[in-house]
Structure formats: structure tokens, C-alpha cells
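Quick notes on the structure that follows.
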Amino acid sequence: MLAAFREVKAVRIGPSMIEGDHVATRWVFSFANAEGVIRTLDEIAWQTWRGDELIEERFYYDPKQLGR
């Protein structure tokens with residue numbers, strides 16, 4: 005999917021929230037296509053850690069955002 009875009013930027017919004025082995029981070033991605041049209045995607049990344057090892061990562065977003 006990323007290869008379809010001329011440019012992709014990611015910005016972390018605020019600090020990550022950490023509670024025990026769980027981390028939540030809000031990201032805003034900007035995707036520019038070949039014509040220069042920019043779409044944005046607001047996402048939450050939810051991670052589960054065990055020590056220094058990332059065990060699981062899930063991404064929560066509304067895919068309809070890219071159609072706006």
C-alpha cells in the first residue's frame with residue numbers, strides 16, 4: 005500500500021501512554037499521491053510488551069478517513 009504514495013509522513017501526537025506492559029500512541033499520517041493530493045489518517049497504536057520485547061501491536065483507525 006505505501007508504494008502507491010509519493011510521500012508518507014508520520015507525526016506522533018503528544019506523549020505515549022504507558023500502563024504496565026501496555027503502550028498507546030496516537031499518530032497522524034499524511035499520504036501524498038502522485039498528483040500531490042494529500043490524505044490524512046489519525047490512528048492509535050496499541051502495543052503489548054514483555055520486558056524489551058514487543059509481543060503484539062494493533063492499529064485502530066477509521067479507513068474512511070483516506071476517502072475524504
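Under my numbering, the letters of the sequence shown match residues 5 to 72, in that order.
Cβ coordinates follow ideal geometry from the N, Cα and C atoms, glycine included.
- Taking each of 16, 36, 55 in turn and checking the Cα distance to residue 30, the smallest one comes out for 16.
- Counting only residues of its own chain and dropping the five nearest sequence neighbours on each side, residue 14 has a CB closer than 7 angstroms to the CB of 31, 33.
- When DSSP states are grouped into helix, strand and coil, residue 14 belongs to the strand group.
- Sequence-distant Cβ neighbours of residue 54 in its own chain, meaning closer than 6 angstroms and more than five residues away, do not exist here.
- Here residue 38 carries a coil assignment [DSSP, helix/strand/coil].
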